[in-house]
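Down below is the structure, laid out as structure tokens.
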Ligand code: PEP
Ligand code: CO
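Numbering (our numbering), first residue to last: 32 to 485.
Structure, rendered in structure tokens:
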């Protein structure tokens, strides 16, 4: 793909890529200085793309395979990345966690796992309230590092367009590390498997011993049989984030010189959040015009009519892999609400890839005031997701998780039995609670068993 400016002629409908400006865009900041915003977006539009059209096309094909049950998506990372946490160690540990989970899932499912980070651009957050009050002081809400700062002062909470450039640079740095780690030998299957062995030395994980033993034997068998480990030294790793902040996504959208089509080059995969998926809204319009594979979050109020109308807007021709529905119903509701949705979409006939987000429907507040989730609820929603698809004969295509490679204490439970007091130890997320490294691996073992039985 050649690098062209945002002013290249686009092939979309009249108004094309800028039509969203005339529509209602929810969850956007009130930029105080429009001139400063214009200067920044013009500069962004001249910067090199972060990902390339061909990569997004490859991912679309991989997601098409997932929709048919020939692959499975593992998408994971922070709720909100922060500029301060873009360090080599943090990124390495997150990739490591996702790769370790992927080895376990690959074995469980005997199908390829598509690895994707909520990484290298997950900086903009939708909020349920525009303001936050602490000790009687009310300030604008934190909307992610791409917009304002978490620090609770009036000054820090003012939206600052310079942050768009900082987000672009941070994303470029992250992607550089991701490409190095996944292409340079760090992702070697044997090495990743060795890390999993380390995890299992902890007696809390005895339950997974048998499974891990099987993986061990499988890898030894492959080695003995002369499997081509050179081909297993590198992995494809895709980037994704919520396509929320249109003043960022628009200038990073470029026209592919081969095809004349628009790609949002800020990430391989973009998803539209639960709060911004209005059919006549700015987000659906903008993303309908880019070629990247897209996701849409579907929460408990989603109807079949909503889902089919989203297909009409985002994938009218029913191209496999183009559209992923990421359902987030909550453990208590998934078995009641998901069947009708899946059946209605199946009856429509145009393919979608179904992915389970077991995080966002399961938020609670702990007795001591922490925003948290129970590990058992998270696992139960995934179990419900598999049960529903199994009973309908449809395909569970992937898992979308908020996780970190660190040993934070943000989600209750898991083999280490984090309780309310445990949450106080290392609760560092600025927005939603994440599975820690151990909880993530534990989830992988549990989901591998579900995949094997599905
Ligand atoms: C998220 O993925 O962090 C998020 C805000 O999700 P949702 O749109 O499903 O609420
Ligand atoms: Co979140």
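We put the beta carbon where it would ideally sit given N, CA and C, even for glycine.
All values reported here derive from a predicted model rather than from experimental measurement.
Cα-Cα separation between residue i and residue j, rounded to whole angstroms
i           : j           : result
residue 350 : residue 169 : 47 Å
residue 440 : residue 354 : 34 Å
residue 470 : residue 273 : 24 Å
residue 153 : residue 134 : 24 Å
residue 507 : residue 156 : With the chain covering only 32 through 485, there is no way to say anything about residue 507.
residue 205 : residue 150 : 8 Å
residue 432 : residue 106 : 6 Å
residue 45  : residue 51  : Bear in mind that a pLDDT of 37 at residue 45, under 50, signals an unreliable position, so the number given afterwards is only what the model happens to contain. The straight-line gap from Cα to Cα measures roughly 12 Å.
residue 377 : residue 425 : 8 Å
residue 35  : residue 110 : Caution applies to residue 35, whose pLDDT of 44 falls short of 50 and renders its modelled position unreliable; the value that the coordinates give is listed next. Distance between the alpha carbons of residue 35 and residue 110: 32 Å.
residue 258 : residue 145 : 21 Å
residue 280 : residue 196 : 12 Å
residue 42  : residue 288 : Only weak support exists for where residue 42 lies, its pLDDT of 43 falling under 50; the coordinates are left without a value.
residue 394 : residue 165 : 21 Å
residue 396 : residue 389 : 17 Å
residue 59  : residue 163 : 16 Å
residue 85  : residue 74  : 24 Å
residue 55  : residue 315 : 10 Å
residue 189 : residue 275 : 18 Å
residue 260 : residue 127 : 18 Å
residue 251 : residue 220 : 12 Å
residue 198 : residue 306 : 22 Å
residue 265 : residue 147 : 14 Å
residue 334 : residue 104 : 24 Å
residue 40  : residue 76  : Summary for residue 40: the model assigns pLDDT 40, below 50, so the residue's position carries little reliability; its value from the coordinates is reported in the next sentence. If I take the Cα positions, the gap works out to 14 Å.
residue 37  : residue 456 : Note that residue 37 scores 44 on pLDDT, short of 50, meaning its location in the model is unreliable; the coordinates nonetheless yield the value given after this. Roughly 47 Å between the two C-alpha positions.
residue 478 : residue 185 : 44 Å
residue 256 : residue 239 : 26 Å
residue 399 : residue 210 : 41 Å
Spatially closest choice to residue i from the options, by CA coordinates
i           : options               : result
residue 364 : 377, 373 and 331      : 331
residue 68  : 194, 204 and 90       : 194
residue 167 : 183, 176 and 456      : 183
residue 369 : 90, 398, 48 and 421   : 421
residue 285 : 198, 446, 322 and 213 : 322
residue 428 : 102, 87 and 63        : 102
residue 481 : 57, 445, 414 and 309  : 414
residue 114 : 461, 54 and 320       : 461
residue 320 : 304, 294, 337 and 359 : 294
residue 117 : 192, 208 and 230      : 208
residue 442 : 100, 474, 271 and 231 : 474
residue 178 : 340, 479 and 62       : 62
residue 392 : 384, 374 and 463      : 463
residue 64  : 430, 401, 242 and 192 : 192
N- and C-terminal bounds of the alpha helix (DSSP H) containing residue i
i           : result
residue 106 : Run containing residue 106: none in the alpha helix (DSSP H); it sits in the beta strand (DSSP E), 103-108.
residue 329 : Run containing residue 329: none in the alpha helix (DSSP H); it sits in the beta strand (DSSP E), 325-329.
residue 278 : 277-280
residue 501 : The chain is shown from 32 up to 485; residue 501 falls before or after that span and cannot be answered.
residue 199 : 193-214
residue 410 : 406-423
residue 374 : 365-379
residue 454 : 451-454
Enclosing beta strand (DSSP E) for residue i [first to last residue]
i           : result
residue 433 : 427-433
residue 356 : 354-358
residue 293 : 293-295
residue 147 : 144-148
residue 48  : Per DSSP, residue 48 belongs to no beta strand (DSSP E) and is neither H nor E.
residue 138 : It is not in any beta strand (DSSP E) - residue 138 instead sits in the alpha helix (DSSP H) that spans 119-140.
Legend entry - For review: beta carbons within less than 5 Å of any heavy atom in ligand 2: Chain-ordered, the residues whose CB falls short of 5 Å from any heavy atom of ligand 2 come out as 110 and 463.
Inset, instruction - Determine contact between the stretch 404-418 and the stretch 105-124, defined as no fewer than three beta-carbon pairs at a distance below 8 Å. - result: no
Inset, instruction - State whether the stretch 286-302 contacts the stretch 71-89, with contact taken as three or more CB pairs (one from each stretch) at a distance under 8 Å. - result: yes
Inset, instruction - Tell me, please, whether the stretch 244-251 touches the stretch 222-232 by the rule of three or more beta-carbon pairs shorter than 8 Å. - result: yes
Inset, instruction - Indicate whether the contact test is met: 3 or more Cβ pairs, each with one atom in the stretch 340-349 and one in the stretch 309-328, closer than 8 Å. - result: yes
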